[in-house]
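Numbering (my numbering), first residue to last: 2 to 370. Here's the structure we're looking at; comments come further down.
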Amino acid sequence: MKKRLTGFCFTDIHIQQSMLDYPTTVRKSLIQAKELAMEEFGLSDIALVGGDNISDYPHWNRSCALPKKNFLDIKQKLNACIAECVKDEKVLYVAGNNDMILGDIGTAENGPYNTTDFYDLMDHAFGELPENEKIVLKSAEKPGELYWGAFHYAVNGIDFIGINIDPNTAFNSHEGYYSDETLLWVKNKLNEIDPDGKKCVFVVGHLSAIYYYNSGKLVETMINGNKDLFYDIFKGHRNTFYLYGHVHGESSCYRECSSGAVLHLNEQNMPLGDNLNEKDSCGKEYAYSLVHMGGLRPFGRQYFEEDGLEGFGGEEERKYHPGTATPTLAQFLVFEVYEDRVVFHIRNTGTHEQYHKNDKLKEYTVYLA
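What follows is the structure, encoded as structure tokens:
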């Protein structure tokens, strides 16, 4: 059957520390991911950027001093990089917990600004959204600033709902969470665009919900009080996929099969096993699916090359920051939508043994009901 859409997913880039000194620097694993995706799949119809695009500068609970010119510089460079691999520059951005807590108060010379504001870029690429296609929130910390809580676009007849972390969590929690108001808006929007529960829909957010670390112990990773409302959103929408980041690094990578990135959940919000070494969804009775988009930054220093940057990175003294170097262990997600199925591909960007960029993980196919 004819392909309807190709999507590239890049998440947890974590442009951080001296990479945010002016002029700013884009993380090399993102550049590699973009180039590898284009080389194998051609131009995509949409690219999804899953949050934690920027990172702690250098400490989450006192990182509100990134100059506005630095943010505008990295915003332009980040979008220019990703837009190269997408038709018509259709890049969708959602905010991660680190994006919300970075630079959001601003500095005396620059004034306050919104570090999650990629809205103008999306307006340009997708067209300006009418009021009923987005929910706008305010922060108690900055009542003059407006934040998109969630929003809805359609590309090639496929619906995408972006969902952002509540700005009111920016200064009281490192994790962040989705507000009840936003979750209810997403639930109503899903019911509106998919009343029969049969459409293929992608909900894109940063926060994970339930996850098998290294395909081992099952961990509930959504720790806030409204997780039941989050799960309830997807009930009755079997062909809806929640695409997420947040969990990343060496404990969250896949070796041979892309299937581990896809969890099918039942009506009780529990996965039907870890889904490892599977090739497709045939025979599985599930209510909806969660799909991990990978991650472009590891944690351990042994998973970086030795080409990191030296700079201030928000500190008083100049020093070497190893976490700014090129990751040898990083992954991203590509998906292809057909009339009857969605095919998921996890890909490597680095040169780490068993996770080399030349290694092609086996695809996983979900057949639409």
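Ideal Cβ placement from N, Cα and C applies to all residues, glycine included.
Practice problem: Note down the Cα distance separating Gly-195 from Lys-29, rounded to an integer number of angstroms. | Solution: A small fix is needed here, since residue 195 is Asp in this sequence, not Gly. So the two alpha carbons sit approximately 38 Å from each other.
Quiz item: Looking at C-beta atoms only, is the number of pairs between the stretch 40-55 and the stretch 304-312 that lie closer than 8 Å three or more?
Solution: no
Quiz item: Closest to Met-168 by CA distance: which of Val-137, Phe-161 and Phe-152 is it?
Solution: Looking at the sequence shown, residue 168 is not Met but Pro. The candidate whose alpha carbon is nearest that of Pro-168 is Val-137.
Quiz prompt | Reduced DSSP secondary structure (H/G/I, E/B, other) of Ser-290 | solution = strand
Quiz item: Around the Cβ of Tyr-368, are there at least 16 other Cβ atoms within 10 angstroms (buried) or fewer (exposed)?
Solution: exposed
Quiz item: Which residues mark the beginning and the end of the alpha helix (DSSP H) in which Ala-129 is found?
Solution: Reading off the sequence shown, one finds Glu at residue 129, where the question assumed Ala. From DSSP, Glu-129 is part of no alpha helix (DSSP H); its letter is neither H nor E.
Quiz item: By how many angstroms is the C-alpha of Gly-177 removed from the C-alpha of Thr-170?
Solution: 5 Å
Quiz item: CB-CB under 7 Å to Gly-300, same chain, minus the five flanking residues each way: which ones, in chain order?
Solution: As written in the sequence, residue 300 is Phe, which differs from the Gly given in the question. The answer, listed in chain order, is Gly-250 and Glu-251.
Practice problem: Please report the Cβ distance between Leu-291 and Ala-210, rounded to the nearest whole angstrom; I am assuming they are in contact, meaning their Cβ atoms lie under 8 Å. | Solution: 6 Å
Quiz prompt | Per-residue burial, Lys-135 [other beta carbons within 10 Å of its own, 16 or more giving buried] | solution = buried
Quiz item: How about the stretch 270-280 and the stretch 220-227: do they share at least three Cβ pairs that are nearer than 8 Å?
Solution: no
Practice problem: Would you tell me roughly how many angstroms separate the C-alpha atoms of Gly-43 and Lys-91, rounded to the nearest one? | Solution: 15 Å
Quiz item: Is Val-27 closer than 9 Å to Leu-79 when the C-beta atoms are compared?
Solution: yes
Quiz item: For Asn-189, is the classification buried or exposed, using 16 other Cβ atoms within 10 angstroms of its Cβ as the cut-off for buried?
Solution: exposed
Quiz item: Per DSSP, which one or two residues make a beta bridge with Cys-258?
Solution: Lys-363
Quiz item: Just how far apart, CA to CA, sit Cys-201 and Ile-83?
Solution: 24 Å
Quiz prompt | For Glu-311, three-class secondary structure by DSSP | solution = strand
Quiz item: Would a C-beta distance cut-off of 9 Å place Leu-266 and Tyr-289 closer than the cut-off?
Solution: yes
Quiz item: Out of Leu-21, His-15 and Tyr-114, which has the shortest C-alpha to C-alpha gap to Pro-144?
Solution: Tyr-114
Quiz item: So which of Tyr-179, Val-204 and Glu-182 has the shortest CA-CA distance to Leu-191?
Solution: Val-204
Quiz item: From what residue to what residue does the alpha helix (DSSP H) around Tyr-232 run?
Solution: 228-233
Practice problem: Grab the span of the beta strand (DSSP E) containing Gln-303 for me, first residue to last. | Solution: Looking at the DSSP string, Gln-303 is not in any beta strand (DSSP E), and its letter there is neither H nor E.
Exercise. Could you give the DSSP three-state label for Phe-119: helix, strand or coil?
Key: coil
Quiz prompt | Rounded separation between Arg-319 and Pro-328 - CA only | solution = 22 Å
Self-check item: Opposing strand residues paired with Ala-96 [DSSP bridges]
Solution: DSSP output for Ala-96 lists no bridge partner at all.
Exercise. Mind listing, in chain order, the continuous alpha helix (DSSP H) runs of no fewer than 4 residues lying wholly within the stretch 16-96?
Key: 29-42 and 69-84
Quiz prompt | When Arg-348, Tyr-321, Val-344 and Glu-317 are compared against Leu-1, the one with the closest alpha-carbon | solution = Outside the modelled stretch of the chain, which goes from 2 to 370, sits residue 1, for which no answer is possible.
Quiz prompt | Residue from Asp-74, Leu-244, Tyr-148 and Tyr-58 with nearest C-alpha to Gly-324 | solution = Tyr-58
Quiz item: Can you give the Cα-Cα distance for Val-10 and Gly-237, rounded to whole angstroms?
Solution: Reading off the sequence, residue 10 comes out as Cys, not Val. Cα to Cα, the separation comes out at about 25 Å.
Quiz item: Is DSSP giving Ile-162 helix, strand or coil here?
Solution: strand
Practice problem: Could you tell me which residues DSSP puts in a beta bridge with Tyr-151? | Solution: Rather than Tyr, the amino acid found at residue 151 in this sequence is Ala. DSSP, once it has assigned bridges, lists Ile-136 and Ile-164 as partnering Ala-151.
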